[in-house]
Structure formats: C-alpha cells, structure tokens
Amino acid sequence: MLNGMNRRSFLEFGFATGAAALTPRWMNAQSAPVAERVAQAHADAANVPIKTTRLYDNLYLLQGQGGNMALQTGPEGNLLIDSSYAPAVPRIREAINAVSSGAQAAPAVLVNTHWHGDHTGGNEGMHEAGFTIVAHQKTRERLSTSQTIQMFHITSPASPAGALPAVTFDDALHVWRNGDSLDLVHFEPAHTDTDIYIHFHKANVLHVGDIWFNGFYPFIDEGTGGTIDGMIRAAEVALAVADANTKIIPGHGPLGSKAEVRKFHDMLAAVRDKVAALKTSGASEQEALAKKPTADFDAANGVGMMSPDQFAGLVYRTL
Numbered sequence: 002m003l004n005g006m007n008r009r010s011f012l013e014f015g016f017a018t019g020a021a022a023l024t025p026r027w028m029n030a031q032s033a034p035v036a037e038r039v040a041q042a043h044a045d046a047a048n049v050p051i052k053t054t055r056l057y058d059n060l061y062l063l064q065g066q067g068g069n070m071a072l073q074t075g076p077e078g079n080l081l082i083d084s085s086y087a088p089a090v091p092r093i094r095e096a097i098n099a100v101s102s103g104a105q106a107a108p109a110v111l112v113n114t115h116w117h118g119d120h121t122g123g124n125e126g127m128h129e130a131g132f133t134i135v136a137h138q139k140t141r142e143r144l145s146t147s148q149t150i151q152m153f154h155i156t157s158p159a160s161p162a163g164a165l166p167a168v169t170f171d172d173a174l175h176v177w178r179n180g181d182s183l184d185l186v187h188f189e190p191a192h193t194d195t196d197i198y199i200h201f202h203k204a205n206v207l208h209v210g211d212i213w214f215n216g217f218y219p220f221i222d223e224g225t226g227g228t229i230d231g232m233i234r235a236a237e238v239a240l241a242v243a244d245a246n247t248k249i250i251p252g253h254g255p256l257g258s259k260a261e262v263r264k265f266h267d268m269l270a271a272v273r274d275k276v277a278a279l280k281t282s283g284a285s286e287q288e289a290l291a292k293k294p295t296a297d298f299d300a301a302n303g304v305g306m307m308s309p310d311q312f313a314g315l316v317y318r319t320l
C-alpha cells in the first residue's frame with residue numbers, strides 16, 4: 002500500500018479512513034461515507050487518468066480524482082492551477098507532457114487556489130518536477146502547520162518544505178504569461194480563509210476553486226475561516242468578474258457558466274435565509290435540520306459530497 006506514496010500521503014490517507022469513528026454520533030451515518038469517499042479518491046488518484054479538455058488555444062481543464070485543475074502552456078513555461086492528491090502527480094505530468102511539447106525547459110509555475118489536500122497534495126511532487134509554487138500567504142501558513150477539518154475530524158500534518166508556496170501575495174497579483182494576462186485575487190474568507198480566483202483575460206476563463214461546487218452542495222471549512230456569508234460574497238465577486246461568455250472552472254464538478262454560478266449563489270442565499278430565521282427564532286441546530294431548510298434544492302444538489310443535512314448544519318454553525 003505504501004508503494005508510490007510518500008509519508009505525508011500515507012498519513013493523509015490514514016487520517017481520512019479513521020475519520021468516521023471520531024465524528025459526533027448523530028452525524029455518523031452521513032459523515033462516514035464522506036470520509037470513506039475521501040480516502041478512496043486519494044488511493045485511486047494514482048490510477049485514474051486525467052481528462053484533458055481544451056478551453057482556449059493554450060489553456061486546458063484537467064480533471065482527475067482531486068479538485069479541478071487548469072493548465073496554460075506556452076514558451077514562457079507551463080502554468081498549472083492546483084495539484085490534486087499526491088498519488089496523482091505521475092498522471093498529471095503525463096497530461097501536461099501530452100499537450101505541452103517544447104515548454105518544459107522554461108520555468109514552470111503551480112498556483113494553489115487554497116490549502117486543502119485535494120488541491121495541494123501534489124505540490125511536493127510538482128515542485129520536484131521544477132514547478133515554483135504560488136499561493137495566497139494564508140495558504141502557506143496553513144500548509145506550514147498541522148490542520149484539522151473539524152467536521153470530519155481529519156488532521157493532516159505540516160507539509161514538507163518542497164510543498165510550500167515559494168511566492169505568496171496578500172490581496173492580488175497580476176501576471177503576464179504566454180500571451181495572456183492573469184489576475185490572481187484573494188476572496189474574503191469563504192470556503193476557507195485561503196481562497197483565490199485566477200482570471201485569464203484573453204482566454205476568458207475563470208478558475209474559482211472551491212467557492213463553487215457545480216451541481217451539489219458545497220463543503221464549508223468552518224475550522225479555517227469558512228462561512229456561508231463568505232461563500233455568498235465570493236459567488237458575487239465571481240459574478241462581477243465573469244461575463245456571459247466566461248468559462249468558469251469550479252473546484253469540483255463540470256465546467257460551468259455565469260448563469261450556473263448565479264443559480265448556485267441564489268441557492269446559497271435562500272438556504273442561508275431559511276436557516277438564519279430558524280436560528281434567530283431559537284431553534285437548535287438539530288431542530289433547524291428537522292425543518293428541512295434545503296428541501297427546495299435537494300433534487301438538484303443533494304447527491305454529492307455533502308448531504309442536505311450536513312450542508313444545512315454548516316450553514317447553521319457558520320452564521
């Protein structure tokens with residue numbers, strides 16, 4: 002089982018598989034499948050091929066077991082957004098090599114949208130392949146120390162030096178690369194306190210990371226700054242950046258559009274309002290969940306990482 006996995010990868014896998022036993026009893030039935038899926042996705046990442054979709058002349062969407070990635074190729078060097086799970090690195094490198102012949106000799110850059118391991122687990126391996134890692138300052142801070150995802154009691158150790166971003170920024174960074182101009186901009190705390198978006202102006206592609214889960218309820222990391230109001234504000238920022246033709250890459254799920262982000266935003270706001278009213282009236286979390294505040298949206302969003310009750314619980318606790 003340890004073949005092809007470094008110590009950090011093994012630790013992440015082990016903590017994920019043990020998560021269900023540590024969750025609150027009333028949440029066990031919902032949490033256990035999530036912990037098992039996280040562990041299975043991590044393990045399968047070494048074998049699942051990366052799906053490559055061209056979005057523009059030299060810009061591609063890469064999809065595997067972890068978060069959605071993007072790749073810009075060109076004479077100034079490859080630029081990769083996010084690095085999936087650690088076991089996926091060989092697959093990622095295969096996908097990059099398949100579309101970027103001639104660019105490998107130029108300096109390569111890896112941008113992290115936030116700190117979670119399904120987006121940064123491959124950092125060390127990509128750094129070893131010659132990539133310089135860029136992220137928000139808080140992403141480096143989070144990766145530099147042990148972190149716990151409270152809802153599932155999953156703890157990951159501090160990352161090794163090679164996995165840490167070498168270039169960080171606070172609010173925004175503007176980059177000219179391979180014939181396009183890119184904005185890297187920090188969201189206010191939303192999914193976490195480390196989230197950024199990357200906007201490719203000429204290609205008209207926007208990668209928003211995990212402030213958008215396309216087609217299902219999102220996870221909000223309450224232990225590292227995530228809140229429902231922050232998610233709503235982040236969606237509003239994305240809507241302001243995008244136009245009707247922008248191709249928008251979510252952290253998870255299929256490529257989408259501004260209209261789909263608007264629908265996601267409206268769902269978040271409607272559930273927030275219902276849960277806020279229940280909480281203000283004095284309802285406990287379990288009493289609020291019993292009222293099924295997500296019912297109007299469950300058919301469209303209820304099959305995914307988060308169950309309706311888990312999502313409503315996150316909304317309740319982060320108000």
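In this text, residue positions in the sequence shown follow my numbering: the first is 2, and each later residue adds one. Glycine included, C-beta positions come from ideal geometry on N, C-alpha and C. In this text, all values refer to a predicted model and were calculated from it rather than measured experimentally.
Checklist entry - So Ile134 and Pro166 are in contact, right, with Cβ under 8 Å, and what is the actual spacing, rounded? => result At roughly 4 Å, the Cβ-Cβ gap stays under 8 Å, so Ile134 and Pro166 are in contact.
Next on the checklist: My output table needs one value for Pro294: the three-state DSSP class, helix, strand or coil.
Outcome noted: DSSP places Pro294 in coil when its eight states are reduced to three.
Item to check | Pair within 9 Å by beta-carbon distance, Arg318 and Glu189 | outcome: Between Arg318 and Glu189, the C-beta spacing is not below 9 Å.
Item to check | Cβ contact (3+ pairs, closer than 8 Å) linking the segment 195-215 and the segment 250-268 | outcome: Touching, yes, given that three or more Cβ pairs across the two stretches are closer than 8 Å.
Next on the checklist: His120 and Ser85 - do their beta-carbons sit closer together than 9 Å?
Outcome noted: In this structure, His120 lies closer than 9 Å to Ser85 by Cβ.
Next on the checklist: Using the three-state DSSP reduction, which class does Thr140 fall into: helix, strand or coil?
Outcome noted: Reduced to three states, the DSSP call for Thr140 is helix.
Next on the checklist: Output needed for Ala104: all residues of its chain with C-beta closer than 7 Å, excluding positions within five of it in sequence on either side, in chain order.
Outcome noted: Any answer about Ala104 is weak, because its pLDDT of 49 lies below 50 and its placement is not dependable; what the coordinates show is given next. Apart from the 5 residues on each side of it in sequence, Ala104 sits with its Cβ closer than 7 Å to the Cβ of Thr74, Gly75, Pro76, Gly78, Asn79 in its chain, given in chain order.
Next on the checklist: Taking the straight line between their C-alpha atoms, what separation do you get for Ala235 and Ala289?
Outcome noted: Distance between Ala235 and Ala289, taken at the CA atoms: about 25 Å.
Checklist entry - Quick one: is Gln287 buried, meaning 16 or more other Cβ sit within 10 Å of its Cβ, or exposed? => result By the neighbour-count criterion, in which a residue is buried when 16 or more other Cβ atoms sit within 10 angstroms of its Cβ, Gln287 is exposed.
Item to check | Range of the contiguous beta strand (DSSP E) that encloses Ile233 | outcome: Per DSSP, Ile233 is not a residue of any beta strand (DSSP E); the alpha helix (DSSP H) it occupies stretches across 229-242.
Checklist entry - Taking the alpha-carbon positions, what's the Ala96 to Ala278 distance? => result Roughly 48 Å between the two C-alpha positions.
Checklist entry - Around the Cβ of His175, are there at least 16 other Cβ atoms within 10 angstroms (buried) or fewer (exposed)? => result Its Cβ having fewer than 16 others within 10 Å, His175 is exposed.
Checklist entry - Whose C-alpha, out of Ala130, Val112, Gly123, Leu315, is nearest the C-alpha of Leu183? => result Taking only the C-alpha atoms, the option nearest Leu183 is Val112.
Checklist entry - Just curious, the beta strand (DSSP E) that Asp181 is in, first and last residue? => result Its beta strand (DSSP E) spans residues 181-187.
Next on the checklist: So, with DSSP's three-state summary, where would you put Ile221?
Outcome noted: Coil, per DSSP.
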